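Residue numbers (the numbering used here): 8 to 467. Idealized CB from N, CA, C, for every residue including glycine. No experiment lies behind these values; they were computed from the predicted model shown.
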Amino acid sequence: MINTMDVFCEIPCLTEYSKKFSGIVLQKKWFKSADKRIIGQYLQKFIIYNSKQFNFLGVQPFIVGSDQNVSIAFRTSSFIGSIPLRASDTGKQIGDFVVTPRFSGYNRYEDYIEILNLLDSEINPEVIDSLPLASGKNFRPPLYLEAVKYIKALEDLIRLNWRKFDNVERISQEPSGQVNWKKYSNLEYKVENRLKFPVRKNVLSEYHSEYSEIRFVFDICKKEILSANTPLSIKTTFRYKLNFIEEKLYNHKPKQTTNLSFKYSDSPTVFKCKQQANKILNFNLVDSTAWKVDFSDVFEKFVQHIFILVAKEIGGRLHTNYKFRANTKKFYSWELKHIEPDAIYQKRNLLVFIDAKYKSNLYNKYGNSENLKDDHRHDLHQIMAYTSFSKSKSKNGILCYPSEVLESKTIKFQNGINEVANTITIIGIPLKKEVLHETKRLLINEIIRIEKLHSNPKNS
Numbered sequence: 008m009i010n011t012m013d014v015f016c017e018i019p020c021l022t023e024y025s026k027k028f029s030g031i032v033l034q035k036k037w038f039k040s041a042d043k044r045i046i047g048q049y050l051q052k053f054i055i056y057n058s059k060q061f062n063f064l065g066v067q068p069f070i071v072g073s074d075q076n077v078s079i080a081f082r083t084s085s086f087i088g089s090i091p092l093r094a095s096d097t098g099k100q101i102g103d104f105v106v107t108p109r110f111s112g113y114n115r116y117e118d119y120i121e122i123l124n125l126l127d128s129e130i131n132p133e134v135i136d137s138l139p140l141a142s143g144k145n146f147r148p149p150l151y152l153e154a155v156k157y158i159k160a161l162e163d164l165i166r167l168n169w170r171k172f173d174n175v176e177r178i179s180q181e182p183s184g185q186v187n188w189k190k191y192s193n194l195e196y197k198v199e200n201r202l203k204f205p206v207r208k209n210v211l212s213e214y215h216s217e218y219s220e221i222r223f224v225f226d227i228c229k230k231e232i233l234s235a236n237t238p239l240s241i242k243t244t245f246r247y248k249l250n251f252i253e254e255k256l257y258n259h260k261p262k263q264t265t266n267l268s269f270k271y272s273d274s275p276t277v278f279k280c281k282q283q284a285n286k287i288l289n290f291n292l293v294d295s296t297a298w299k300v301d302f303s304d305v306f307e308k309f310v311q312h313i314f315i316l317v318a319k320e321i322g323g324r325l326h327t328n329y330k331f332r333a334n335t336k337k338f339y340s341w342e343l344k345h346i347e348p349d350a351i352y353q354k355r356n357l358l359v360f361i362d363a364k365y366k367s368n369l370y371n372k373y374g375n376s377e378n379l380k381d382d383h384r385h386d387l388h389q390i391m392a393y394t395s396f397s398k399s400k401s402k403n404g405i406l407c408y409p410s411e412v413l414e415s416k417t418i419k420f421q422n423g424i425n426e427v428a429n430t431i432t433i434i435g436i437p438l439k440k441e442v443l444h445e446t447k448r449l450l451i452n453e454i455i456r457i458e459k460l461h462s463n464p465k466n467s
């Protein structure tokens, strides 16, 4: 059970403006030796003391009000994770600041796992050196997240013929190879043993000690995935995979280990599996420190995955992360050497530029925050810069934001001087596996609409 004294606050990612935390209430709970009359100064010190951690997690604190009515609020970004905090009055460690995924499910990581399995992708947490989290293991990524990654790596490994040479001693009828003469001399006095030579030979086999260690880690992961710690949907998804792998490893007896060593001869597949195995073995030995995962990477890959399905169904080709490279005689240190849309849909001479932004705009449709306006202005200018690479007079872009519900709207910008039009379609996409089919249908309709306008520009 989580001790609430270990958590300063828990806020979802993409929160534009959190609830206000009263300075007086914080003083009573966290800054007990602070002077109530100047609590605003202590809140300012609190932000300064923890600025490195807040910057790491992409959290922006705000001080609101003054004197006895002062309070603090927070804006979160695309990162989820946990950071330890220090008190402003004593400098000592207090509770952790926790940013959770913006999902409505009971388990905070259940949708996350389903999406990563769908994408066949991996997003690794980023960590920094910090104080141990006050909440310990409660708010770090759970073990089943690492176990799932190991199962996927092991699936790739068992498709290979991972054979190694084992140096074994066998009895031979002739003294060929490395003979254990000392052992032979102790037995050769018996006539029947004189043609029995104990010889050591290198034998190529799949049944080697490293595979046995891999099997040992598999048993740990299987137990964790099938335990009560793991959401039911993930158990259901992986039960078949676990049975399949166990059948493949049936003849490999587990060999207990605390670390799998790496060798120069290891293939990339073997290396990846060993690396993930060591994460499992060391999971309970690693201190829980500040960590984060960037959900913008997850959202970008999710959007690309949907558009790949769209391109397969209606024809055309999807270019993902295509780079437009800059060409100049001299680059300044602050210049971009290329620009890169998340995807470009191409069908004959039609180009539709696609950019995914994991930002809070569609969660705050009627918010007046300058941050929201600046973010959208930047996103709009960026997608319109990408569309400038289209030869057609009518240029098209799709800007994708996360949203509570699936939605779309179209904005058309017309240049009155030369009649060039730039049409940007904003799509709100829930980051959930169950909306995949509905989202695909919506995007297919949008692409077909754009195709018709492209072929008959007068109708626009």
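Within 10 Å of its beta-carbon, does residue i have 16 or more other beta-carbons around it, so buried, or fewer, so exposed?
i: residue 241; result: buried
i: residue 243; result: exposed
i: residue 395; result: exposed
i: residue 324; result: exposed
i: residue 406; result: buried
i: residue 461; result: buried
i: residue 34; result: buried
i: residue 308; result: buried
i: residue 7; result: Nothing about residue 7 can be read from this structure; the chain reaches only from 8 to 467.
i: residue 91; result: buried
i: residue 356; result: exposed
Measure the C-alpha to C-alpha separation of residue i and residue j and round it to an integer number of angstroms.
i: residue 453; j: residue 331; result: 25 Å
i: residue 296; j: residue 403; result: 45 Å
i: residue 156; j: residue 224; result: 12 Å
i: residue 400; j: residue 358; result: 12 Å
i: residue 221; j: residue 166; result: 14 Å
i: residue 267; j: residue 319; result: 42 Å
i: residue 255; j: residue 226; result: 13 Å
i: residue 39; j: residue 95; result: 10 Å
i: residue 151; j: residue 79; result: 35 Å
i: residue 431; j: residue 387; result: 8 Å
i: residue 445; j: residue 455; result: 16 Å
i: residue 200; j: residue 214; result: 30 Å
i: residue 237; j: residue 126; result: 20 Å
i: residue 50; j: residue 286; result: 38 Å
i: residue 413; j: residue 306; result: 14 Å
i: residue 99; j: residue 27; result: 23 Å
i: residue 365; j: residue 436; result: 10 Å
i: residue 16; j: residue 434; result: 32 Å
i: residue 259; j: residue 216; result: 9 Å
Just to confirm my understanding: we take residue i, look at its own chain, exclude 5 residues before and 5 after, and list those with CB closer than 8 Å. What are they?
i: residue 376; result: 23, 24
i: residue 283; result: 153, 156, 157, 160
i: residue 233; result: 242, 246, 249
i: residue 178; result: 203, 204, 205, 206
i: residue 168; result: 213
Roughly how far, in whole angstroms, is the beta-carbon of residue i from the beta-carbon of residue j, given that I think they are within contact range, below 8 Å?
i: residue 219; j: residue 248; result: That belief does not hold up - the Cβ atoms of residue 219 and residue 248 are roughly 20 Å apart, past 8 Å.
i: residue 107; j: residue 87; result: 6 Å
i: residue 30; j: residue 77; result: 4 Å
i: residue 298; j: residue 89; result: 6 Å
i: residue 415; j: residue 379; result: That belief does not hold up - the Cβ atoms of residue 415 and residue 379 are roughly 19 Å apart, past 8 Å.
i: residue 21; j: residue 85; result: 7 Å
i: residue 280; j: residue 123; result: Actually they do not touch by this definition, with Cβ atoms about 18 Å apart.
i: residue 109; j: residue 19; result: 5 Å
i: residue 310; j: residue 132; result: The pair is not a contact, with the Cβ atoms about 22 Å apart (cut-off 8 Å).
Looking only at its chain, what residues have a beta carbon closer than 6 Å to the beta carbon of residue i, apart from the 5 residues adjacent to it on each side?
i: residue 13; result: 102, 141, 142
i: residue 391; result: 429
i: residue 348; result: 360, 362, 393
i: residue 194; result: 200
Using C-beta distances below 7 Å, list every residue in its chain close to residue i, excluding the 5 sequence neighbours before and after it, in chain order.
i: residue 439; result: 118
i: residue 265; result: 288
i: residue 317; result: 447, 450, 451, 454
i: residue 46; result: 30, 31, 34, 77
i: residue 371; result: 23, 379
i: residue 53; result: 95
Indicate whether the contact test is met: 3 or more Cβ pairs, each with one atom in the segment 265–275 and one in the segment 59–67, closer than 8 Å.
Contact between the segment 265–275 and the segment 59–67 is absent, because fewer than three Cβ pairs lie under 8 Å.
Can you confirm whether the segment 418–426 touches the segment 370–385 when touching is taken to mean that 3 or more C-beta pairs between the two stretches lie within less than 8 Å?
Output reads no: the segment 418–426 does not touch the segment 370–385.
The segment 202–209 / the segment 178–190 touching (three or more Cβ pairs under 8 Å):
With the cut-off at 8 Å, the segment 202–209 and the segment 178–190 touch.
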